[in-house]
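> This structure is in structure tokens; I'll ask about it shortly.
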Amino acid sequence: MAKYALLRERLEQELPEWRLAPALPASAGELALVHHPAYIAAVAEGTLTPAQQREIGFPWSPAMAERALRSVGATLQACRAALSGSGLAANLAGGTHHAYADKGAGFCVFNDAAVAARVMQAEWGRRGEAWRRQPLRVAVIDLDVHQGNGTARIFQGDDSVFTLSLHGEKNFPFRKEASDCDIDLPDGCGDADYLAALEQGLAELERRFEPGLIIYLAGMDPHENDRLGRLKVTADGLEARDRRVFYWAWQRRIPLAMTMAGGYGRDIAVTVGLQVNSYRVALDYGRRWQALSAARA
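First residue of the sequence shown: 1, per the UniProt record's numbering; consecutive thereafter.
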């Protein structure tokens, strides 16, 4: 948990161009576009069963419930900012992709990417002259080392959301769900194979789907020194990955919202440093969006 505060501190010190804003809590109505009302109420009221809390991975407390709401809210804010003209925005936390509609799992209470996709689609449909617009199509590019099983399950059979997941074949969750595009990676996978797999996934996404918004889970747990990752991707490999995703979105002028997802380095400073570098890379593309907005003004 300490990595989130450390990330904010380093961004303030090293990358002041990023405009930081408090995360506002998601509302029950927003959550209910994905999650079951009884589950939302159980989190809010502290009536999760011991079994539900064990599956999430930590006990209920008022602070836990508040943080879960604000983690989703920050992804909503990032998506709104990206769609409203900034082109690129981020949540310093988020990426809670193991949460299902009716339960949490794997340190994930609510599924921020799924809720954000649904809320953005609803808000898009309510905009003026909506009859002229195509429905908002959302691509979730999940590059956490663990499969986004909750996200995959929530959007199975939904042709308005495309789920792409690169993940460790033998890593958690051990029972995978079917994403629109799953790429299983062997233990020990290094930079070259990882980046080739990413190219394969992006090519499949482009062949099958035209998104109007990308939600990018920039997990740091594929890193070679991650305690839980089991892959061998270097810091250079992760930077190349980020650059490829940002450039792919920029080429097509698709707004992108980034979340941090997993990262469990043996040295927390290494994990935070990797996350800071994602923001450094993202800033390059944020400037491009700013220049584009200025040219259109």
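Note that beta-carbon positions come from the ideal geometry of N, C-alpha and C, so glycine has one too.
Nearest-angstrom Cα distance between L217 and L228?
As a position in the sequence shown, residue 217 is number 217, starting the count at 1. As a position in the sequence shown, residue 228 is number 228, starting the count at 1. Answer to the nearest angstrom: the Cα atoms are 17 Å apart.
> Report buried or exposed for D112, applying the criterion of at least 16 other Cβ atoms within 10 angstroms of its Cβ.
By one-based count along the sequence shown, residue 112 stands at place 112. Under this definition D112 is a buried residue.
> P22: which of A197, L76, V276 and C108 sits nearest, CA to CA?
Here residue 22 is taken as the residue at index 22 of the sequence shown, counted from 1. Taking only the C-alpha atoms, the option nearest P22 is L76.
> Please go through the same chain and pick out, in chain order, the residues whose beta-carbon is closer than 6 Å to the beta-carbon of G73, but skip the five residues on each side of it.
One-based indexing of the sequence shown puts residue 73 at position 73. Within the same chain, A23, L24, P25 and A26 come within 6 Å of G73 by CB-CB distance, once the 5 residues on both sides are set aside.
> Pair every Cβ in the region 228-239 with every Cβ in the region 155-165, then say whether three or more of these pairs are closer than 8 Å.
no
> Does any C-beta atom of chain C lie closer than 8 Å to the C-beta of E206?
In the structure shown, chain C does not exist; there is a single protein chain.
> Following the continuous beta strand (DSSP E) through T259, name the residue where it begins and the one where it ends.
By one-based count along the sequence shown, residue 259 stands at place 259. Run containing T259: L256 to T259, per the beta strand (DSSP E) assignment.
> Buried or exposed: where does L136 fall if 16 or more other Cβ atoms within 10 Å of its Cβ makes it buried?
Position 136 of the sequence shown, counting from 1, holds the residue named residue 136. L136 is classed as buried because its beta carbon has at least 16 other beta carbons within 10 Å across all chains shown.
> Rounded to a whole number of angstroms, what is the C-alpha to C-alpha distance between A105 and T151?
Here the question's residue 105 lines up with position 105 in the sequence shown. Here the question's residue 151 lines up with position 151 in the sequence shown. Each residue's Cα considered, the two are about 12 Å apart.
> Give a yes or no on whether the C-beta atoms belonging to D142 and H97 are separated by under 8 Å.
For the purposes of this step, residue 142 is taken as the residue at position 142 of the sequence shown. For the purposes of this step, residue 97 is taken as the residue at position 97 of the sequence shown. Contact: yes.
> Spatial neighbours of Y4 within its chain, please: CB distance less than 7 Å, with the 5 preceding and 5 following residues excluded, ordered by chain position.
The residue you call residue 4 lines up with position 4 of the sequence shown. Around Y4: L92 and A93.
> So V34 is in the alpha helix (DSSP H); what residue range does that whole segment cover?
Taking the first residue of the sequence shown as 1, we reach residue 34 at position 34. No alpha helix (DSSP H) contains V34, which DSSP labels as neither H nor E.
> Determine the burial state of G29: buried for a count of at least 16 other Cβ atoms within 10 Å of its Cβ, exposed for fewer.
Position 29 of the sequence shown, counting from 1, holds the residue named residue 29. Result: exposed.
> With H, G and I counted as helix, E and B as strand and the rest as coil, what does DSSP make of K232?
Here residue 232 refers to the residue found at position 232 when the sequence shown is read from its first residue. Strand, per DSSP.
> Terminal residues of the continuous alpha helix (DSSP H) containing D142?
Mapped onto the sequence shown, residue 142 falls at position 142. Looking at the DSSP string, D142 is not in any alpha helix (DSSP H); the run it does join, the beta strand (DSSP E), is V138 to D142.
> For the beta strand (DSSP E) containing Y216, name the first residue and the last one.
Your numbering for residue 216 matches position 216 in the sequence shown. Segment L213 to L217, the beta strand (DSSP E) holding Y216.
> Can you tell me where the alpha helix (DSSP H) holding D112 begins and where it ends?
The residue you call residue 112 lines up with position 112 of the sequence shown. Note, D112: alpha helix (DSSP H), D112 to G125.
> So for C189, helix, strand or coil by DSSP?
Working through the sequence shown from its first residue, we reach residue 189 at position 189. In the structure shown, C189 sits in coil (DSSP, three-state: anything other than H, G, I, E or B).
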